[in-house]
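K.L.:
Before anything else, here's the structure in question.
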Amino acid sequence: MTSPLEDPSLERHFKGHRDTVTSIDFNANMKQLASGSMDSCLMVWNLKPQMRAYRFVGHKDAIMSVQFSPSGHLVASASRDKTVRLWIPSVKGESTVFRAHTGTVRSVSFSSDGQSLVTASDDKTIKVWTVHRQKFLFCLSQHINWVRCAKFSPDGRLIVSASDDKTIKIWDKASRECTHSFCEHGGFVNYVDFHPSGTCIAAAGTDNTVKVWDVRMNKLLQHYQVHNAVVNGLSFHPSGNYLITASNDSTLKILDLLEGRLLYTLHGHQGPATCVAFSRAGDFFASGGSDEQVMVWKTNFDIADYGDVLKTQRHDTNVNGSIPIMDGHFTPSYHNSAKVSATETVGILEQRLTLTEDKLKECLENQHRITLHIMQTNHEND
2 MTSPLEDPSL
12 ERHFKGHRDT
22 VTSIDFNANM
32 KQLASGSMDS
42 CLMVWNLKPQ
52 MRAYRFVGHK
62 DAIMSVQFSP
72 SGHLVASASR
82 DKTVRLWIPS
92 VKGESTVFRA
102 HTGTVRSVSF
112 SSDGQSLVTA
122 SDDKTIKVWT
132 VHRQKFLFCL
142 SQHINWVRCA
152 KFSPDGRLIV
162 SASDDKTIKI
172 WDKASRECTH
182 SFCEHGGFVN
192 YVDFHPSGTC
202 IAAAGTDNTV
212 KVWDVRMNKL
222 LQHYQVHNAV
232 VNGLSFHPSG
242 NYLITASNDS
252 TLKILDLLEG
262 RLLYTLHGHQ
272 GPATCVAFSR
282 AGDFFASGGS
292 DEQVMVWKTN
302 FDIADYGDVL
312 KTQRHDTNVN
322 GSIPIMDGHF
332 TPSYHNSAKV
342 SATETVGILE
352 QRLTLTEDKL
362 KECLENQHRI
372 TLHIMQTNHE
382 ND
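What the sequence shown shows, in this note's numbering, is residues 2 to 383, in sequence order.
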């Protein structure tokens with residue numbers, strides 16, 4: 002039997018930034034972690050013990066966003082100095098720079114094939130570039146205020162963008178048309194990203210909420226009100242079953258998207274938690290904060306075989322790993338304060354475990370019955 006589900010644990014933390022950490026990302030090879038900061042430096046932390054970090058200096062102003070290319074051979078950084086840099090994450094730290102926008106570049110993101118880059122800026126535009134030679138391809142310009150974030154869908158066909166004009170826009174990359182606008186009445190959206198299936202998006206709001214929207218039906222699927230302050234960032238677990246969020250209330254929260262509820266509240270940062278990202282395999286996640294710290298956590302709770310049994314048994318009606326509709330609003334019933342106590346969390350996990358074990362037992366009993374039936378039938382035929 003697999004060991005019981007465990008709480009996420011803080012594995013290690015890195016100190017080296019001299020101002021708020023704004024963005025964080027794992028190299029797919031799991032040997033490096035990149036972070037950007039208001040101190041204008043890009044740090045590449047080596048996850049192997051005894052290996053020194055690299056500090057890359059080049060930007061003239063705060064770094065707002067960093068991301069490794071899918072291959073891990075490049076790191077992109079976007080800055081308030083209006084440029085984007087592509088770095089080779091080795092000792093030399095060679096980089097190429099291009100002026101991307103006429104205002105702060107808030108966001109930079111690779112397409113999953115590693116061929117394209119999308120950038121978002123205070124100049125109200127989203128731009129798409131080739132990674133090779135950083136050739137400008139096209140500009141999307143229907144937002145009427147700063148654009149905080151832009152991401153490609155996993156298949157590279159769509160782009161999602163979030164702006165201070167209180168809209169989230171979905172764009173068709175081929176036609177370069179805006180196919181839908183989600184309007185946010187409560188506040189701005191700081192961060193947005195696609196679910197690994199590409200069927201929905203999650204948005205982190207200044208109204209303290211996290212919303213999950215279906216991009217095929219263009220409707221709200223889930224609405225979480227679990228933070229006590231602005232939500233700054235989020236990251237989907239690669240399984241698509243969990244979402245982690247970072248907030249000014251200093252906490253990280255892990256949401257179970259299949260159950261539509263809060264699983265964990267993590268207290269690590271002193272002051273706002275500004276960014277968070279799962280590793281490519283989902284076994285780790287990293288967070289950054291205004292306390293200048295970078296923290297690496299072990300996920301622990303996502304045990305694949307339990308998760309898969311639950312998914313096949315209980316969520317077989319969901320197409321493409323999509324998320325069940327939780328009638329719009331969600332305020333956790335068992336959770337009155339912002340903090341989930343360890344005992345509550347353990348209680349919930351024990352319930353889930355019992356449920357899973359029951360399902361497994363049921364499954365095995367059914368199999369046993371079918372086998373007996375086949376054996377009896379064969380015996381009668383003989």
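Where is the CB? At the ideal position from N, CA and C, for every residue including glycine.
Here the structure is a predicted model, which is why all the values come from computation and not from measurement.
1. Taking the alpha-carbon positions, what's the Tyr265 to Trp298 distance?
2. Residue range of the beta strand (DSSP E) that Ile145 falls in?
3. Give a yes or no on whether the C-beta atoms belonging to Thr248 and Val232 are separated by under 8 Å.
4. With a 10 Å radius around its C-beta and 16 neighbouring C-beta atoms as the bar for buried, classify Thr332 as buried or exposed.
5. When the Cα atoms are used, what is the spatial distance from Gly157 to Ser38?
6. Ends of the beta strand (DSSP E) at Ile255?
7. Could you check how far apart the C-beta atoms of Pro9 and Asn301 are, in whole angstroms? I think they sit under 8 Å.
8. Output needed for Gly272: all residues of its chain with C-beta closer than 7 Å, excluding positions within five of it in sequence on either side, in chain order.
9. Quick one: what's got a C-beta closer than 7 Å to Arg100's C-beta in the same chain, skipping five residues either side?
10. Measure the alpha-carbon distance for Arg391 versus Leu267 and round it to whole angstroms.
11. Assign Arg107 to one of three DSSP states: helix, strand, or coil.
12. Ignore the nearest five residues each way along the sequence and tell me which others in Arg177's own chain have a CB closer than 7 Å to its CB.
13. Count the other CB atoms within 10 Å of the CB of Lys174; is the residue buried (16 or more) or exposed (fewer)?
14. State the start and end residues of the unbroken beta strand (DSSP E) segment that holds Asn47.
15. Which partner residues does Lys128 have in the DSSP bridge list?
16. Answer with buried or exposed for Arg19, where buried requires no fewer than 16 other C-beta atoms within 10 angstroms of its C-beta.
17. Please name the residue in Asp208, Val227 and Ala278 whose C-alpha comes closest to that of Ser66.
18. Would you tell me roughly how many angstroms separate the C-alpha atoms of Asn219 and Tyr55, rounded to the nearest one?
19. For Ser280, which residues from the same chain have a beta carbon less than 7 Å from its beta carbon, with the 5 sequence-adjacent residues on both sides left out?
20. What are the start and end residues of the beta strand (DSSP E) that includes Ser176?
21. So what does DSSP say about Gln51, is it helix, strand or coil?
22. Quick check on Arg217: does DSSP put it in helix, strand or coil?
23. Of the choices His60, Ala63, Val22 and Val92, whose alpha-carbon is the least far from that of Gln33?
24. How many angstroms separate the CA atom of Lys125 from the CA atom of Ser164?
25. Around the Cβ of Thr21, are there at least 16 other Cβ atoms within 10 angstroms (buried) or fewer (exposed)?
26. Nearest to Gln116 by CA position, among Gly73, Arg262 and Thr275, is which residue?
27. Would you mind working out which of His196, Asn191, Thr97 and Gly94 sits nearest Thr23, comparing C-alpha positions?
28. In this structure, does DSSP put His224 in helix, strand or coil?
29. Taking the alpha carbon of Gln294 as the point to measure from, which residue in Phe137, Phe57 and Met44 has its own alpha carbon closest?
30. Take Ala151 as the anchor and find which of Glu7, Lys170, Ile145 and His238 has the nearest alpha-carbon.
31. Determine the contact status of Phe111 and Pro71, defining contact as a CB-CB distance below 8 Å.
32. To which residues of the same chain is Arg217 closer than 7 Å at the C-beta, ignoring the five residues directly before and after it?
33. Quick test of your reading: Leu258 and Ile245, contact by CB under 8 Å. State the CB separation rounded to the nearest angstrom.
34. Could you give the DSSP three-state label for Gln135: helix, strand or coil?
35. Along the chain, where does the beta strand (DSSP E) that runs through Lys16 open and close?
P.N.:
Taking the structure as given:
1. 13 Å
2. No beta strand (DSSP E) contains Ile145, which DSSP labels as neither H nor E.
3. Here the sequence assigns Ser to residue 248, which means Thr is not the residue at that position. In this structure, Val232 lies closer than 8 Å to Ser248 by Cβ.
4. Bear in mind that a pLDDT of 38 at Thr332, under 50, signals an unreliable position, so the model cannot answer this.
5. 28 Å
6. Thr252 to Asp257
7. 5 Å
8. Ser251, Gly290, Ser291 and Asp292
9. Lys83 and Thr84
10. Residue 391 lies beyond the range of the chain shown here (2 to 383); nothing can be said about it.
11. strand
12. Phe139 and Leu141
13. buried
14. Leu43 to Asn47
15. Thr120 and Cys140
16. exposed
17. Ala278
18. 43 Å
19. Phe27, Met31 and Phe286
20. Element bounds for Ser176: n/a, residue is neither H nor E.
21. coil
22. coil
23. Val92
24. 8 Å
25. buried
26. Gly73
27. Asn191
28. strand
29. Met44
30. Lys170
31. yes
32. Thr200
33. Leu258 to Ile245, Cβ: 11 Å. No contact.
34. helix
35. Ser10 to Lys16
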